[in-house]
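Going by the numbering used here, the first residue of the sequence shown is number 857, and it counts up by one from there.
Notes follow once the structure below has been shown.
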Amino acid sequence: MAIPLPVSHGRPMKDLTPLLNPKCIAVVGASERFGAGSLVIENLQTLGFSGKIIPINPRYKELYGYPCYPSLSQVPEEMVIDCVAILLSYQQVNTVLEEAGRRRVRGAWAFASGFAETGAEGARLQEELRRICASNGIQFCGPNCVGYANLQDRVGTYSAPISPTLRKGGVSAVAQSGSVILALANSNRGMGFNYLISSGNEAVVDLADYLEYLVADERTEVILAFIETIRRPRAFIAACRGAADLGKPIIALKVGKSEIARQAARSHTGALTGADGIQEALFKKWGVIRVDDLDQLLETAEVLVRCRNRLPKGNGVGAIAVSGGEIGLISDLAEGLSFRFAPLSPEAQKELRRKLPSFTAIGNPLDGWGSGDLEETYPACLEVLAREEGVHLIMISQDSPPGMAEKQVNQYAHVARAAVKAAACGKPVVALSHISGGLDPTIRGILAGGNIPFLQGTREGLWAVHHLMKYAEFQRNRGKEEIAQEAVEFAAEKKEKG
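Next comes the structure, spelled out in C-alpha cells:
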C-alpha cells in the first residue's frame, strides 16, 4: 500500500491511488476480439482482480460475463468508477476523458499513440488532454503506453498478455518504453514484481510522480527506471533523496548519450533530453545506480533485492570456484570494478592448505574443487573465507545452466546448500553462473530458499556486485562529509525552468 508523503519539493504529492489501485475500472473500447480491448479484461481476471469491471462498447450487451454499457454516461450513477482504461484511437481519447470528468473519475490511461511523439498536431492534442485532466483532477497514465500491472493488489490496465512466469515481489519498475516493461515482465528471471508501469508520453503523471509513489510504497524494496528524459529534475532529485533516506535503491537505465538515442526519444515519446553529464552527476550524488543495458538492470536488481538489508561493510570479496580457468575469467573481468579480492590471512592460508590437496594453489579467488569433494571439503573452504575480516562479500562461482544431468544437479546442490549455510555468517553471499541462458530450477530453488542472489553471465554478474558495493559505500558515507555540488543542482533547476 502506498503511503503518500505530505509534501515533496514544496508541493503535495499526487495521490495516484485511483490510477494504480482502483476498485472499479471501466474499459472503454472493450472487445471480444484479440487485442488491447480484450487483454485488459483478461489480464484483470488472470490477476484475480476482486473489484468491479465495467466494459464499455455500444456493440455488446455483455462481455466476459459482465454487463456492457454503450458509454460512460450510461453507466448507472450509483456505480462509482475510479479509473477508465481507454482503448480507442487517439482522436477519441479526449472526448472520453471529458466524459470521465463529468463522472468524477480520478484515474485514467490511454493505449493510443498519435500525440506529442508525432509532431505539432499531436502535441496540441496532448496539451488539450493535459488541460482536461488538470481541470477534472484526473491522474492519467500515458498516452502511448501499454499501461501498468499492480501485482500485489491484483489490478492493472495492462494491454499485453501477462506472462505465466510473472510473480509478485518487492521490485517495481517504471519505463518510458512499453517494450522495456514487456521485456522485464517476460524475462523469467525469477524475481518478484510489485508494480510494472509503462509511462509513455507522461502527459500528466511523469517519472518523478511515479518514483515518489514507489518510494512511499512499503512493499516496494527496489525501483527500476528506464529513462529517456527527466522532465522535472528537482522533483526527480526529491524522489531520489527520499529513496536514499529509506535505503531503497533506484537502478536506472538512462538512454540518450548518443545523438541517435536522443532522436529516438524525441520520435518515441516526444521527449526532450538533457546533458548526460549533469544527469550522471545527479545520479552519483543521490545514490542512483546507473546501468548500461537490460541484463545489467536485471542482475543488479537480483542482487540488491536480496542484499539491501545486509549490505557489505567494505569492498573485500572472497571468491571460490571449481575451475582455474573461470578464476582467470573472473579476475580479468573484475579489473577496474569497485571491489577487490581480499588477500587471505596467513592463518586462513594454513587452514586451507590442510583441507585441500597439495597441488591446489591457495589464493583468492580460491579453487575449491580439490579432489572433487563438494560435500565436505568445499563447505569447509567456504567457512574459512567467511571468517576472514577482510572479506565483506562471498562470491561463489558455479555454472548451473538448465539441462544438466541429474547426477550433476545433485553434485552442484552441495555447493548451493553450502552457500546458504555460509550466509549465516551475516555477510552477503552471491552465486554466479557464467552462462546467461537460464538457471537450473533445483539449484535456483535451494539458493532462493536461503535468499542468495543467483547471477547470470560473468560480466553482468560482476557488474551487479560492483553496483552493490558502490551503493553500500554510498550509504556508509552519507552524512559523513559535505559534498559540494551546488552547480549541479543549479544546472538542473535552470534546465527545468527552460
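For glycine and all other residues, C-beta sits at the position ideal for the given N, C-alpha and C.
Quick caveat: nothing in here was measured; it's all calculated off a predicted structure.
Taking three-plus beta-carbon pairs below 8 Å as touching, is the region 888-904 in contact with the region 945-954? Output reads no: the region 945-954 does not touch the region 888-904.
Run of the alpha helix (DSSP H) containing valine 1265, from where it starts to where it stops: Residue numbering aside, residue 1265 sits at position 409 when the sequence shown is read from its first letter. Counted as a single uninterrupted DSSP element, the alpha helix (DSSP H) harbouring valine 1265 occupies residues 1262-1278.
Which first and last residues belong to the alpha helix (DSSP H) in which proline 1202 is found? As a first step, residue 1202 is located in the sequence shown; it is residue number 346 there, counting from the start. According to the DSSP assignment, proline 1202 belongs to the alpha helix (DSSP H) that extends over 1202-1211.
Backbone CA spacing between phenylalanine 905 and arginine 1162 [nearest angstrom]: Translated into positions along the sequence shown, residue 905 becomes position 49. Translated into positions along the sequence shown, residue 1162 becomes position 306. Near 28 Å, if we compare the C-alpha coordinates of arginine 1162 and phenylalanine 905.
Can you find a heavy atom of the ligand GDP that lies under 6 Å from the Cβ of asparagine 1165? Here there are no bound small molecules, and the ligand GDP is not part of this structure.
Alpha carbons only, please: which of Gly963, Leu1040, Asn950 is nearest the one belonging to glycine 978? Looking up residue 978 in the sequence shown gives position 122. Answer by Cα proximity: Asn950.
If distances are taken between C-alpha atoms only, which option among Leu1167, Gln1032, Phe1049, Val1276 comes closest to alanine 1108? The residue given as residue 1108 occupies position 252 in the sequence shown. Nearest option by C-alpha distance: Gln1032.
What residue does the alpha helix (DSSP H) around methionine 1325 start on, and which one ends it? For the purposes of this step, residue 1325 is taken as residue 469 along the sequence shown, with counting starting at 1. Membership of methionine 1325 in the alpha helix (DSSP H) is indicated by the continuous run 1314-1333.
Taking the DSSP output, what are the residues bridged to asparagine 1006? Within the sequence shown, numbered from 1, the residue matching residue 1006 stands at position 150. Paired residue(s): Val1011, Tyr1051.
Going by C-alpha to C-alpha distance, which of Ala976, Met935, Leu928 sits closest to leucine 799? There is no way to answer for residue 799, as the model of the chain reaches only from 857 to 1354.
Taking the alpha carbon of glycine 1133 as the reference point, which residue from Leu903, Asp1151, Leu1150, Lys1110 has its own alpha carbon closest? In the sequence shown, the residue the question calls residue 1133 occupies position 277. When each option's Cα is compared against that of glycine 1133, the closest is Lys1110.
Find the nearest neighbour of glycine 921 within the set Ala1131, Glu1191, Glu888, Pro1258, judged by alpha-carbon distance. Working through the sequence shown from its first residue, we reach residue 921 at position 65. Distance from the Cα of glycine 921 is smallest, within the candidate group Ala1131, Glu1191, Glu888, Pro1258, for Glu888.
Please state whether the Cβ-Cβ distance between aspartate 1065 and asparagine 877 is less than 7 Å. Residue numbering aside, residue 1065 sits at position 209 when the sequence shown is read from its first letter. Residue numbering aside, residue 877 sits at position 21 when the sequence shown is read from its first letter. In this structure, asparagine 877 does not lie closer than 7 Å to aspartate 1065 by Cβ.
Taking the beta carbon of threonine 1156 as the centre, do at least 16 other beta carbons fall within 10 Å, making it buried, or is it exposed? As a first step, residue 1156 is located in the sequence shown; it is residue number 300 there, counting from the start. Threonine 1156 sits buried, since 16 or more C-beta atoms from the chains shown fall within 10 Å of its C-beta.
With 16 as the cutoff for other CB atoms within 10 Å, does serine 1253 come out buried or exposed? Working through the sequence shown from its first residue, we reach residue 1253 at position 397. Buried.
Can you tell me whether DSSP reads arginine 958 as helix, strand or coil? As a position in the sequence shown, residue 958 is number 102, starting the count at 1. Reduced to three states, the DSSP call for arginine 958 is helix.
Taking only the alpha-carbon atoms, compute the straight-line gap between glycine 1181 and lysine 1140 and give it to the nearest angstrom. The count along the sequence shown starts at 1 and reaches residue 1181 at position 325. The count along the sequence shown starts at 1 and reaches residue 1140 at position 284. Their backbone Cα atoms lie some 35 Å apart in a straight line.
8 Å CB neighbourhood of phenylalanine 971 in its chain, flanking five on each side removed: Along the sequence shown, read from residue 1 onward, the residue named residue 971 stands at position 115. Taken in chain order, the residues that qualify are Tyr946, Gly978, Ala979, Leu981, Gln982, Leu985, Pro999, Asn1000, Asn1057, Ala1059, Gly1126.
Expressed to the nearest angstrom, what Euclidean distance is found between the alpha-carbon atoms of asparagine 1044 and glycine 1317? Counting from 1 along the sequence shown, the entry for residue 1044 is found at position 188. Counting from 1 along the sequence shown, the entry for residue 1317 is found at position 461. Cα-Cα distance, rounded: 17 Å.
Whole-Å CB distance - glycine 1305 paired with valine 1276, under 8 Å assumed: The count along the sequence shown starts at 1 and reaches residue 1305 at position 449. The count along the sequence shown starts at 1 and reaches residue 1276 at position 420. Rounded, the Cβ-Cβ distance is 7 Å, consistent with contact.
Which residue wins for smallest C-alpha separation from glycine 885, given the options Ile994, Leu872, Thr1013? Translated into positions along the sequence shown, residue 885 becomes position 29. It is Thr1013.
I need the straight-line Cα distance from isoleucine 1183 to histidine 1290, nearest angstrom please. Numbered from 1 along the sequence shown, position 327 holds the residue referred to as residue 1183. Numbered from 1 along the sequence shown, position 434 holds the residue referred to as residue 1290. Cα to Cα, isoleucine 1183 sits roughly 11 Å from histidine 1290.
So, is alanine 1081 buried or exposed, given that buried needs 16 or more other C-beta atoms within 10 angstroms? As a working note, residue 1081 is residue 225 in the sequence shown. When all chains shown are included, alanine 1081 counts as buried.
Work out the CA separation of cysteine 1281 and arginine 1243 for me, nearest whole Å. Residue numbering aside, residue 1243 sits at position 387 when the sequence shown is read from its first letter. Residue numbering aside, residue 1281 sits at position 425 when the sequence shown is read from its first letter. Taking the straight line from one Cα to the other gives about 8 Å.
Between Ser1054, Leu1189, Ile1176, Leu1007, which lies nearest to alanine 966 when the distance is taken from Cα to Cα? In the sequence shown, residue 966 corresponds to position 110, counting from 1. Of the listed residues, the one whose Cα sits closest to alanine 966 is Ser1054.
Around the C-beta of proline 874, are 16 or more other C-beta atoms found within 10 angstroms, so that it is buried, or is it exposed? Taking the sequence shown and counting its residues from 1, one reaches residue 874 at position 18. Around the beta carbon of proline 874, 16 or more other beta carbons sit within 10 angstroms, so the residue counts as buried.
Which term fits glutamine 995, buried or exposed, when burial requires 16 or more other beta carbons within 10 angstroms of its beta carbon? Locating residue 995 in the sequence shown gives position 139, where the first residue counts as 1. Glutamine 995 comes out buried.
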